[in-house]
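Numbering (our numbering), first residue to last: 2 to 188.
In structure tokens form, the structure reads like this:
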């Protein structure tokens, strides 16, 4: 803003409050040193996305750490599953596969106190199979979801997970089998 070198919303950019305000303002405006324009305070979309990705991964890792520290056993499955999704989105496929497998193993062995439903397990298996590029496994997991009681428990989850499964399969097939990929997008 004009004047005292403060970011939009108050606070200097060097403070946590100031940095938050600067992010809300899209990184525009004057920095703590009073500069303005692209070179002095504007982050590129790439940098913002990288920062968000790092923060998301840190939050997922923190949730796993808290579950482990508190010996939550079965309830460790969901934080691990979320961490695997972050790893996969970052292109860390091998770690994502291992984390998905660990999440599913814990889910099956420890009977989580929350989300202990066959539909949840089917969704987890869909993510693992598509991460592994395993069409047969993904189709079996979709069948498991369709045969679960998830539609009655949470129609919203059922619809989101089923449409997401078909989108993940389409993404998996887009380069090698465009016709089948399109069929999954139509579902």
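Quick reminder that beta carbons are idealized off the backbone N, C-alpha and C, glycines included. All of these numbers come straight from a predicted model, not from anything done at the bench.
### Query
Given residue 69, which residues of its chain have a CB within under 8 Å of its CB, disregarding the five upstream and five downstream residues?
77
### Message
Check whether the region 160-174 and the region 118-129 are in contact - that is, three or more C-beta pairs closer than 8 Å.
### Response
yes
### Query
When burial is assigned at 16 or more other CB atoms within 10 Å of the CB, is residue 55 buried or exposed?
exposed
### Message
Can you look up residue 79 in the DSSP assignment and give me helix, strand or coil?
### Response
helix
### Task
Could you give the DSSP three-state label for residue 91: helix, strand or coil?
coil
### Task
Mind reading off the beta-carbon distance from residue 80 to residue 97? Whole number of angstroms is fine, and I expect it under 8 Å.
Not quite, the Cβ-Cβ distance comes to about 14 Å (not below 8 Å), so this is no contact.
### CB contact flag (residue 123, residue 146, <8 Å)
yes
### Query
DSSP state of residue 175, grouped into three classes?
coil
#### Entry: Reduced DSSP category for residue 119 - H, G, I as helix; E, B as strand; rest coil
helix
### Message
Measuring straight from C-alpha to C-alpha, what distance separates residue 67 and residue 158?
### Response
26 Å
### Task
Give every residue of the same chain whose Cβ lies closer than 7 Å to the Cβ of residue 57, excluding the five residues on either side of it in the sequence, and list them in chain order.
87
### Message
Using only CA atoms, which one of 117, 53, 89 and 90 lies nearest to residue 74?
### Response
117
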